[in-house]
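Chemist: Numbered by our numbering, the letters in the sequence shown go through residues 427 to 681 in order.
Provided herewith is a single structure, encoded as structure tokens, for subsequent inquiry.
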Amino acid sequence: MGQVTVRHLPKSQVKVIVSTTLNVRLTVLIAVCPFLFGCATADTPRAETPPSPVVQADQPQQVSKLPPPELSRVQEAVKRVFRDAALIDTSRRPVFITGDFNGDLSQDIAVVLRPAPDKLSDLNEEFPTWILRDLSGANQTETPRLRVAANEALLAVIHGYGVDGWRDPQATQTFLLKNAVGSGMESHQPKEVATTSQGKQRPQLRGDVIGEVLGGTSGYLYYSGATYSWYDPKTFKGDPEPGMFHGASDRKVRK
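In structure tokens:
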């Protein structure tokens, strides 16, 4: 058998060999790390930031397009406001029209009513949830509290709420107008009125208007901010001043 010769190195040389080996390994590891982490980062999917919505500031807002009103839905709206105190006067043609009469981009409805039998006292309660106005007494302030007469024709304008307009269960703000029921009731946009009354003084129109023949005179019923007023292009002198309409001084809303 051959002999194995074991060579013993000095301690200083052993330290050099070990140190050199560690340095080589560390150098290789440092060189490889960027590739390893780079690959891991590249393989990790990144969440994309959703694009910002495009806002067109110059795009005009419009009233939501709703289906034509049905009598049953109009009856629901009337009952919501007046309970059983008023009925739709179906003898009128048309009996109701729609439009954005107060200019809040929600569809309103104007409907002809009459007092329900044996319910007149309900329409004349002291603090009703609707607003009673007399179109013929627009400039009368020192008068007794307004009252509805039996069999009187009344025009109720129910203001809409939200995208569903007057159909919404929260649509309860209502003007009840005396001496406002005429013939040929139609809804008109403000630009139509401006075209037909060029060169004449006209009111500031906040929304659509109700065109009709009232007392033999063609004109428009419009919302003036505090009430509904009559606009006759031939005799119009200006919007009524705040408080200058029949029923302004005795108005109280029941909460």
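Using N, Cα and C, we set each Cβ at its ideal position, and we do this for glycine too.
(1) Helix, strand or coil, according to DSSP, for valine 574 in the structure here?
(2) Between which two residues does the beta strand (DSSP E) containing threonine 524 stretch?
(3) Measuring only the C-alpha atoms, how far is aspartate 400 from tyrosine 587?
(4) Using 8 Å as the cut-off, can you tell me whether the segment 622-630 makes contact with the segment 592-612, which would need three or more C-beta pairs spanning the two stretches below that distance?
(5) Does the structure place the segment 490-504 close enough to the segment 548-567 that three or more beta carbon pairs sit under 8 Å?
(6) Can you tell me which residues form a DSSP beta bridge with leucine 603?
(7) Measure the C-alpha to C-alpha separation of alanine 542 and glycine 591 and round it to an integer number of angstroms.
(8) From which residue to which residue does the beta strand (DSSP E) around proline 616 run?
(9) What's the C-alpha gap between glutamine 635 and serine 547?
(10) By how many angstroms is the C-alpha of serine 532 removed from the C-alpha of phenylalanine 463?
(11) Closest to leucine 602 by C-alpha separation, out of Glu612, Lys617, His585 and Met611, would be which residue?
(12) Would you kindly report the start and end of the unbroken beta strand (DSSP E) that includes arginine 540?
(13) Can you give the beta carbon distance from leucine 558 to leucine 572, rounded, assuming they're within the 8 Å contact cut?
(14) Can you find a heavy atom of the ligand NAP that lies under 7 Å from the Cβ of threonine 661?
(15) With DSSP collapsed to three states, give me the class of serine 655.
(16) Rounded to whole angstroms, what is the Cα-Cα separation between glutamate 551 and threonine 621?
(17) Give me the DSSP bridge partner(s) of serine 644.
(18) What does a CB cutoff of less than 7 Å around arginine 518 pick up in its chain, not counting 5 residues either side in sequence?
(19) Residues bridged to glutamate 612 by DSSP?
(20) In terms of residue numbering, what span does the beta strand (DSSP E) encompassing alanine 512 cover?
(21) Which residue comes first and which comes last in the alpha helix (DSSP H) that contains arginine 499?
Modeler: Once the coordinates are examined:
(1) DSSP places valine 574 in coil when its eight states are reduced to three.
(2) 522-525
(3) The displayed coordinates of the chain run from 427 to 681. Any statement about residue 400 would go beyond what the structure contains.
(4) no
(5) no
(6) Arg559 and Leu581
(7) The C-alpha of glycine 591 is placed about 25 Å away from the C-alpha of alanine 542.
(8) Unbroken run through proline 616 is the alpha helix (DSSP H), 616-622; no beta strand (DSSP E).
(9) Per the sequence shown, residue 635 should be read as valine rather than glutamine. Near 31 Å, if we compare the C-alpha coordinates of serine 547 and valine 635.
(10) Interpretation of phenylalanine 463 is limited by its pLDDT of 48, a score under 50 that renders its predicted location unreliable; no figure is taken from the coordinates.
(11) His585
(12) 534-541
(13) 5 Å
(14) This structure lacks the ligand NAP; in fact it carries no ligand of any kind.
(15) strand
(16) Going by the C-alpha atoms only, they are around 42 Å apart.
(17) Val639
(18) Val538
(19) Its beta-bridge partners are Gly637.
(20) 512-514
(21) 497-508
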